[in-house]
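Participant: Taken in order, the sequence shown gives residues 7 to 901; the numbers are from the working numbering.
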Amino acid sequence: MPIRIEFYGYTFLPNAFWLSLAVLCLSALSVQAQSVHRLSGSLIDSLKNPVPGANVKIISGRDTLTGVTDNDGEFSIKGIGTQTIGLIFESIGYRILKAAYTFKEGERHVTLNPIVLQNKFTQLKDVEVKARLNPIRIMKDTIEYNAAAYTVRENDVVEDLLKQMQGIRVDEHGNVTAMGQPMTRLRVNGEDFFTNDVKEFIRQLPAAIVARVQVIEDYGDEANFTGVKTGEPVKLLNLVTKPNLNKGNFGNINSAGGTNRQLALNASGNLWQDDKQIGINGAVSSTDNRTGFNENNQLGLNMRNKIKEGLSASANYRYNESNNKTRQETYVETVNTIGTIINESGNQMQSEADTHNLNINVQSVTKMAYFQSSVNGSFVDRDNNTTLNSMQRGIIRQDLFTDNTGNFRSPNVNGSMTWARRTRVPGRTFSISLSGNSALSKSNEELFNRIGYYDRYTGSPVKDSLLNRVIDTRNHSSNLSAEVRYSYPLKPGLDSLIKENIDFSYGLSMSNTFTRFQTRAGTDSWNSSLVDSLSSLYSSLFLAHHAAVNYRFQSPRLTYNIGINAQPSLLASEFIGREGKINQRQFNFSPVARISYTWPDNKSFTFSYNGVSAAPSFNQLQPVPDARNLQNVIIGNPDLKPSFSHNGNAGFALNSLKTGSTLMFSLNGSVVQNQVAANVVLVQDTLNGLKQETRFENTSGNYNFGGMVSFAQPFLYNRLNVQAMSSANLSNNVFFLNNQMKRNERVNFSQSLGFSYNRKRYGLSGNVLYNYSSNRYAIFFASERNIETWQFNFSANTYLDDGFSAGFNASKSLYSGFLVNAGNPLLINAHIQKSFLKNRQATLALQAFDILNEANNLARSISENSVTDIRTAQITQYVLLTFTMRLNKFGANKM
Numbered sequence: 007m008p009i010r011i012e013f014y015g016y017t018f019l020p021n022a023f024w025l026s027l028a029v030l031c032l033s034a035l036s037v038q039a040q041s042v043h044r045l046s047g048s049l050i051d052s053l054k055n056p057v058p059g060a061n062v063k064i065i066s067g068r069d070t071l072t073g074v075t076d077n078d079g080e081f082s083i084k085g086i087g088t089q090t091i092g093l094i095f096e097s098i099g100y101r102i103l104k105a106a107y108t109f110k111e112g113e114r115h116v117t118l119n120p121i122v123l124q125n126k127f128t129q130l131k132d133v134e135v136k137a138r139l140n141p142i143r144i145m146k147d148t149i150e151y152n153a154a155a156y157t158v159r160e161n162d163v164v165e166d167l168l169k170q171m172q173g174i175r176v177d178e179h180g181n182v183t184a185m186g187q188p189m190t191r192l193r194v195n196g197e198d199f200f201t202n203d204v205k206e207f208i209r210q211l212p213a214a215i216v217a218r219v220q221v222i223e224d225y226g227d228e229a230n231f232t233g234v235k236t237g238e239p240v241k242l243l244n245l246v247t248k249p250n251l252n253k254g255n256f257g258n259i260n261s262a263g264g265t266n267r268q269l270a271l272n273a274s275g276n277l278w279q280d281d282k283q284i285g286i287n288g289a290v291s292s293t294d295n296r297t298g299f300n301e302n303n304q305l306g307l308n309m310r311n312k313i314k315e316g317l318s319a320s321a322n323y324r325y326n327e328s329n330n331k332t333r334q335e336t337y338v339e340t341v342n343t344i345g346t347i348i349n350e351s352g353n354q355m356q357s358e359a360d361t362h363n364l365n366i367n368v369q370s371v372t373k374m375a376y377f378q379s380s381v382n383g384s385f386v387d388r389d390n391n392t393t394l395n396s397m398q399r400g401i402i403r404q405d406l407f408t409d410n411t412g413n414f415r416s417p418n419v420n421g422s423m424t425w426a427r428r429t430r431v432p433g434r435t436f437s438i439s440l441s442g443n444s445a446l447s448k449s450n451e452e453l454f455n456r457i458g459y460y461d462r463y464t465g466s467p468v469k470d471s472l473l474n475r476v477i478d479t480r481n482h483s484s485n486l487s488a489e490v491r492y493s494y495p496l497k498p499g500l501d502s503l504i505k506e507n508i509d510f511s512y513g514l515s516m517s518n519t520f521t522r523f524q525t526r527a528g529t530d531s532w533n534s535s536l537v538d539s540l541s542s543l544y545s546s547l548f549l550a551h552h553a554a555v556n557y558r559f560q561s562p563r564l565t566y567n568i569g570i571n572a573q574p575s576l577l578a579s580e581f582i583g584r585e586g587k588i589n590q591r592q593f594n595f596s597p598v599a600r601i602s603y604t605w606p607d608n609k610s611f612t613f614s615y616n617g618v619s620a621a622p623s624f625n626q627l628q629p630v631p632d633a634r635n636l637q638n639v640i641i642g643n644p645d646l647k648p649s650f651s652h653n654g655n656a657g658f659a660l661n662s663l664k665t666g667s668t669l670m671f672s673l674n675g676s677v678v679q680n681q682v683a684a685n686v687v688l689v690q691d692t693l694n695g696l697k698q699e700t701r702f703e704n705t706s707g708n709y710n711f712g713g714m715v716s717f718a719q720p721f722l723y724n725r726l727n728v729q730a731m732s733s734a735n736l737s738n739n740v741f742f743l744n745n746q747m748k749r750n751e752r753v754n755f756s757q758s759l760g761f762s763y764n765r766k767r768y769g770l771s772g773n774v775l776y777n778y779s780s781n782r783y784a785i786f787f788a789s790e791r792n793i794e795t796w797q798f799n800f801s802a803n804t805y806l807d808d809g810f811s812a813g814f815n816a817s818k819s820l821y822s823g824f825l826v827n828a829g830n831p832l833l834i835n836a837h838i839q840k841s842f843l844k845n846r847q848a849t850l851a852l853q854a855f856d857i858l859n860e861a862n863n864l865a866r867s868i869s870e871n872s873v874t875d876i877r878t879a880q881i882t883q884y885v886l887l888t889f890t891m892r893l894n895k896f897g898a899n900k901m
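(1) Just to confirm the assignment, what range does the beta strand (DSSP E) spanning residue 270 have?
(2) Considering only the beta carbon of each residue, do residue 624 and residue 481 sit closer than 8 Å?
(3) Whole beta strand (DSSP E) runs in the stretch 416-485 with 3 or more residues, listed along the chain?
(4) Suppose the cutoff is 6 Å on Cβ atoms and the five residues either side in sequence are ignored; what does the same chain contact list for residue 840 look like?
(5) Taking C-alpha atoms, which residue in 637, 650, 646 lies nearest to residue 616?
(6) Which same chain residues, not among the five before or five after residue 133, have their C-beta less than 6 Å away from its C-beta?
(7) Which residues does DSSP list as the beta-bridge partners of residue 609?
(8) Determine whether the beta carbon atoms of residue 696 and residue 402 lie at a separation below 8 Å.
(9) Nearest to residue 700 by alpha carbon, out of 141, 771, 547, 635?
(10) How would you write the range of the beta strand (DSSP E) that residue 567 sits in, first residue to last?
(11) Contact between the stretch 336-348 and the stretch 733-749: three or more CB pairs below 8 Å?
(12) Per DSSP, what kind of secondary structure is residue 401 in: helix, strand or coil?
(13) Would you report the Cα separation of residue 223 and residue 55, rounded to the nearest angstrom?
(14) Taking Cβ positions, are residue 457 and residue 525 nearer each other than 8 Å?
(15) Could you check what DSSP says for residue 155 in three-state terms: helix, strand or coil?
(16) Using three-state DSSP, classify residue 741 as helix, strand or coil.
(17) Could you pull the DSSP bridge partners for residue 182 from this structure?
(18) Grouping DSSP H, G and I as helix and E and B as strand, with all else coil, what is residue 205?
(19) In the DSSP assignment, find the alpha helix (DSSP H) that holds residue 211 and state where it starts and stops.
(20) Residue 422 and residue 439: beta carbons closer than 8 Å?
(21) Sort out for me which residues DSSP pairs residue 676 with in a bridge.
(22) Opposite residue 496 in the DSSP bridges: which residues?
(23) Can you look up residue 845 in the DSSP assignment and give me helix, strand or coil?
(24) How many Å lie between residue 167 and residue 141 at the Cα?
(25) Report the three-state DSSP secondary structure of residue 231 (helix, strand or coil).
(26) Just to confirm, is the Cβ distance from residue 116 to residue 45 under 8 Å?
(27) How is the alpha helix (DSSP H) around residue 360 delimited, first residue to last?
(28) Looking at the strands, I want to know which residues DSSP matches up with residue 56.
(29) Kindly indicate which three-state DSSP category residue 541 falls into: helix, strand or coil?
(30) So, for residue 304: in the same chain, excluding its five sequence neighbours on each side, which residues have a beta-carbon less than 6 Å away from its beta-carbon?
(31) Determine, using beta-carbon pairs with one atom in the stretch 370-377 and one in the stretch 220-240, whether at least three such pairs fall under 8 Å.
(32) Would the beta-carbon of residue 518 fall within 8 Å of that of residue 496?
(33) Please work out which residues of its chain come closer than 8 Å, Cβ to Cβ, to residue 885, disregarding the five sequence neighbours upstream and downstream, and give them in chain order.
(34) What residues are listed by DSSP as bridge partners for residue 260?
(35) Would you say residue 273 and residue 259 are within 8 Å of each other, going by their C-beta atoms?
(36) Which stretch, first to last residue, makes up the alpha helix (DSSP H) that contains residue 165?
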């Protein structure tokens, strides 16, 4: 008698499948079919993640019907002419599943319960497998990396694994980007993971537990439930673990001491179970950076609990205390229609801050309903002191000394709620979302200024002036928004993998701001008098509606939606005590478009477009002079209108199954109407000299276009990877000089070519980077400000017996075009470490940084008509001794 297995109401025949199926089919042929049947269902893996792109075969008598699961793992096949059928489910990386099903009398359409496919793993002992693993799989909205195709060594963490993957970059601080876009959220096996913080957990989770890494274009949980994707997606990192490694306990203890008088201690512990996650972490550190000690203390607590099936709650609290001192040298070149202003300054800053953050979230997901609610609160209390000495020359010569002492406080509370519902009609959904925010910021600044004035023509000293002021700012802002969405399916009765919907949405957002800005002449709040001409009371209301209708088409390969969006807005503002109110009305139409196509041979293409309106800020609106910077007084324009931005993005990805090569390409662009642009004017002061004032105007003509392309080719069974990446950006920024419209054209181009070679015993990597940045003003005498940078990097690491490892990295930079002396530094770092105790849980490491002491800590920024180069003082040459104890247990394994 053959073995029969009952599972979720299906009869599985693992043995003698074809013989039994033949008997069933011959029996079915003896009866004339009275009706045509239809079968629907979905495929999931053992972690309940959908399995897209799987092949589904139905054997109905002499006919074989086929289908492919869509991006949600769903399938639907019609035209079944027999009562009893055979089922075969196949997908790469999963075991083939075979089953039989018999329709009951009168059944025309049956939807099966989710069918689970088991992962397929082959264990080979003492055999070196020479077959090439394909490292990348391209799906709709997802690029998946096979962890088995990369080198994973003992004690490697997920960060080490990500650094080997094409299109993903991890910087020295642990920040992760994918094709230039930041990774903002982490999930494990498709589920929320503790705080969802990417940077925090890629340095804690061992790489050995990971089977696949997925980079997902995420539109949010509501979009995943309803299928309606709106707005711009964010990059989500999802880690799929190996079987039986989807829970455990992990954490570490780390202590460090360095020659830069650095002391650090941090510890973390995390409990990860089926229905509960509890984490705690803390850190204290102190470092000398030549200016003084930087001290940072942190504490974090988080909990996530599955209350019952489909209902979970989480809470997260973070506290940070910091005391930082920095010293900077700044060189600013400002062009104007009559000449150039050069400003060289040195400043020293000290800041003490306490920050609290609390987040509480509740989420419920069932087959028919979705609910999510969250409350977030934060509080910042910061004291700071800044001293600045600047010397200004060119068309304006002036010396300025400033001592600024201030306090800033900002409590902030926001909350959101989303509810979505599916109906009995497939594809018909309804959702509503609400969100609100209330923020109060208070700042009090005491400014002491000493200004040295010089004759405009002879350059001889004219006058020294002392000025004491107290500036008090109170700002209260509140925001409320609501949106309703409804999706109506077209042809809902047809059984097909093709879905068509009309999506309707309406939203309302309201922002209310009240600001009190007071300037007093005097040494402190108690010994000062109000300056009416430099003080104001201001209130504003920004009201924006949007109504959209879209047609959405979905098939296993192609998804697109097209529609139109109307966005009327009102900006009403009033300066209390001044006559008249200001009302600015706008009405914008913009198309909405998104297309995604996935080829069966590992290729995908995406394109999206949307339009967004934005209100001017308080500083851009208020007409009262803000004279905190006496060398550039800010005066707002209450007649400003909201701006409107048109944004488009396109991407293409290709992975060759034959050669393993991968090509990724992305384009982005934006054009802004009614952009708020600065108008820098030179006005005569009381000493017959000149001073700068910055005002604001609405204008159009701003645009930004960019692109990135990445190509990688693996060799030697993925041990050697060669990767080339290029990016380019062109932007045009419109501003005004003395009420005359000018342009600032910027071009950025970068190119990198690198390789990595990884074996269990050693690893080598190197790359060459070239960056060109051009900044050109449309002023006849202003020269181009171009920067060229060459960087040559190489690193080598070896992993010896008995837990020893050593390595070094070197970087040589060649700079040209900076306004200050950049040098051409050669940076060399080296390390040696020893792992010991059971399972190599403990590691002692000795690291040497910037052995030649040549780092320059130089950065450039550009705004309107100014180019700024900043050098930050910091100790970069030091030796650090670190001890780390890892406490990891996943499943039955200690790591």
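Glycine included, C-beta positions come from ideal geometry on N, C-alpha and C.
As the structure is a computational prediction, the values presented were derived from the model and not from experiment.
Facilitator: Let me spell this out:
(1) Counting along the chain, the beta strand (DSSP E) containing residue 270 begins and ends at 269-278.
(2) At a Cβ-Cβ threshold of 8 Å, residue 624 and residue 481 count as neighbours.
(3) Taking 3 residues as the minimum length, the beta strand (DSSP E) runs contained wholly in the stretch 416-485 are 435-460, in order along the chain.
(4) Its chain contains 809, 810, 850 as the residues whose beta carbon lies nearer than 6 Å to that of residue 840, once the 5 sequence neighbours on both sides are disregarded; these appear in chain order.
(5) Distances from the alpha-carbon of residue 616 to those of 637, 650, 646 put 650 closest.
(6) Legend: pLDDT at residue 133 = 39, less than 50; position of this residue unreliable, value from coordinates given subsequently. Excluding sequence neighbours, residue 133 sits near nothing in its chain.
(7) Bridge partners of residue 609: 605, 660.
(8) The answer is yes: Cβ separation under 8 Å.
(9) With distances taken between CA atoms, residue 700 lies nearest to 635 out of 141, 771, 547, 635.
(10) First-last of the beta strand (DSSP E) with residue 567: 564-581.
(11) Yes: the two stretches touch, three or more of their Cβ pairs being nearer than 8 Å.
(12) Note: residue 401 maps to coil in three-state DSSP.
(13) Each residue's alpha carbon lies about 16 Å from the other.
(14) Taking 8 Å as the Cβ cut-off, residue 457 and residue 525 do not qualify as a contacting pair.
(15) Helix.
(16) The answer is strand: DSSP assigns residue 741 an E or B state.
(17) In the DSSP output, where bridge partners are listed per residue, residue 182 has 176.
(18) In this structure, residue 205 counts as helix in the three-state DSSP scheme.
(19) Taken as a continuous stretch (DSSP letters only), residue 211 belongs to no alpha helix (DSSP H), as it is neither H nor E.
(20) Yes, Cβ-Cβ distance for residue 422 and residue 439 is below 8 Å.
(21) Within the DSSP bridge table, the entry for residue 676 names 653, 710 as partners.
(22) Beta-bridge pairing links residue 496 to 506.
(23) DSSP places residue 845 in helix when its eight states are reduced to three.
(24) Near 12 Å, if we compare the C-alpha coordinates of residue 141 and residue 167.
(25) In this structure, residue 231 counts as helix in the three-state DSSP scheme.
(26) It is a contact, given that the beta carbons lie within the stated cut-off.
(27) No alpha helix (DSSP H) contains residue 360, which is instead part of the beta strand (DSSP E) from 345-371.
(28) Residue 56 pairs with 50.
(29) Taken through DSSP and simplified to helix, strand or coil, residue 541 comes out as coil.
(30) 289, 326, listed in sequence order.
(31) By the criterion of at least three beta-carbon pairs nearer than 8 Å, the stretch 370-377 is in contact with the stretch 220-240.
(32) Taking 8 Å as the Cβ cut-off, residue 518 and residue 496 do not qualify as a contacting pair.
(33) For residue 885, same chain residues with a beta-carbon under 8 Å away, outside a window of 5 residues either side, are 264, 265, 852, 853, 854, 855 in chain order.
(34) 272, 890, per the DSSP bridge assignment.
(35) Contact check for residue 273 against residue 259 passes: the beta carbons are separated by less than 8 Å.
(36) 164-168 is the span of the alpha helix (DSSP H), which, as asked, contains residue 165.
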